[in-house]
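Please read the structure below before turning to the comments.
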Amino acid sequence: MIIEVLLSTKSVGGEDNFAPMGMKRIDETMVLVRPFRDSRTWANLNERGFAVASITDSILPFVHAVVKDRLPDHFPAYLVPCGVIEDPCGWAELELKRISLEGDRGHCLFEIAYEESRRPFEGFNRSRCAILEALVAATRIHVRGKEPFLEEFRRAVELTDRTGGEEERLALRLIGELTGGIG
Ligand SMILES: Cc1cc2nc3c(=O)[nH]c(=O)nc-3n(C[C@H](O)[C@H](O)[C@H](O)COP(=O)(O)O)c2cc1C
């Protein structure tokens, strides 16, 4: 199973970076992340072999991490030089063990150096799930074109009207500004 996390890394120059990434748990101690080769995450992982995977049920950190209008609020991890997002459900501090490129995606195998659970997951919300899908599609517009994004975005607008709150409406507004929305 793949879990969507906020993966933070750091550049050689010390700049923090946060990006939504899928993370697959291999076993008790290892996880796999597959960043595209054109991502900042991939560049950082080639320079510095550390990362933090933050788990949250809040949608805004995912959106900020794609829009790059601001860094998600965060605090320093204990064992690796990367940030944990504020108010996480939990996080894993990761040490890179193997890195290779397969086509246009990296294959980054990490050992879990430290792991903590902080609070329960709030529960599924249909608006947030739909926004996450629209956000994935927004990051692939340059490859797939705008139509797949528009389909997800319209669905996210509809479900946010029915089941979302303030945070979700802000998330949609930010994605709309990034992509030009349905215009
Ligand atoms: C839920 C979600 C999951 C994503 N999973 C991945 C992934 O596994 N690999 C990847 O390269 N990009 C993934 N993306 C897209 C990146 O987050 C996006 O391209 C981001 O801008 C990369 O940031 P960076 O250049 O700072 O690394 C995902 C996006 C979302 C919203």
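Heads up: take any position in the sequence shown, counting from 1, add 83, and you land on my numbering.
Where is the CB? At the ideal position from N, CA and C, for every residue including glycine.
Compute every distance between the C-beta of residue i and the non-hydrogen atoms of ligand 1, then say whether any falls below 7 Å.
| i | result |
| --- | --- |
| P144 | no |
| M104 | yes |
| R237 | no |
| L261 | no |
| P118 | yes |
| T243 | no |
| V149 | yes |
| F154 | In the sequence as displayed, the identity of residue 154 is Leu instead of Phe. No - ligand 1 has no heavy atom lying nearer than 7 Å to the Cβ of L154. |
| W257 | Going by the sequence as given, residue 257 is Leu instead of Trp. No, ligand 1 has no heavy atom inside 7 Å of this Cβ. |
| R181 | no |
| E95 | The sequence shown places Val at residue 95, not Glu. V95: no, Cβ never under 7 Å from ligand 1. |
Going by beta-carbon coordinates alone, are residue i and residue j separated by less than 8 Å?
| i | j | result |
| --- | --- | --- |
| E250 | L143 | yes |
| V276 | I258 | Limits of the chain in this structure are 84 at one end and 266 at the other, which puts residue 276 out of reach. |
| G173 | I138 | yes |
| A102 | S122 | yes |
| A213 | R238 | yes |
| D152 | E205 | no |
| P118 | R227 | no |
| T92 | C165 | yes |
| G216 | F193 | The sequence given here has Glu at residue 216, not Gly. Not a contact, by the Cβ cut-off of 8 Å. |
| L162 | E185 | no |
| T246 | R209 | yes |
Using CA coordinates, which residue listed in the options is at the minimum distance from residue i?
| i | options | result |
| --- | --- | --- |
| H190 | A102, L115 and N100 | L115 |
| E87 | Y161, E98 and A148 | A148 |
| N129 | P155, P164, R181 and S141 | R181 |
| L261 | R131, E98 and V150 | V150 |
| V95 | F204, D187, E194 and F133 | F133 |
| D99 | E198, G206, L233 and D156 | D156 |
| L233 | A221, L242 and I85 | A221 |
| D170 | V219, A196 and S200 | S200 |
| E198 | L218, R256, V167 and L154 | V167 |
| W125 | G97, M104 and D110 | M104 |
Please classify residue i as buried or exposed, where buried requires at least 16 neighbouring CB atoms within 10 angstroms.
| i | result |
| --- | --- |
| G263 | exposed |
| K107 | exposed |
| R211 | buried |
| F158 | exposed |
My output table needs one value for residue i: the three-state DSSP class, helix, strand or coil.
| i | result |
| --- | --- |
| C212 | helix |
| A160 | coil |
| P103 | strand |
| I258 | helix |
| F207 | coil |
| L143 | helix |
| L218 | helix |
| I224 | helix |
| T112 | coil |
| R117 | coil |
| V88 | strand |
| V95 | coil |
Return yes when the C-beta of residue i is under 7 Å from any heavy atom of ligand 2, and no when it is not.
| i | result |
| --- | --- |
| T222 | This structure lacks ligand 2; its bound ligands are ligand 1. |
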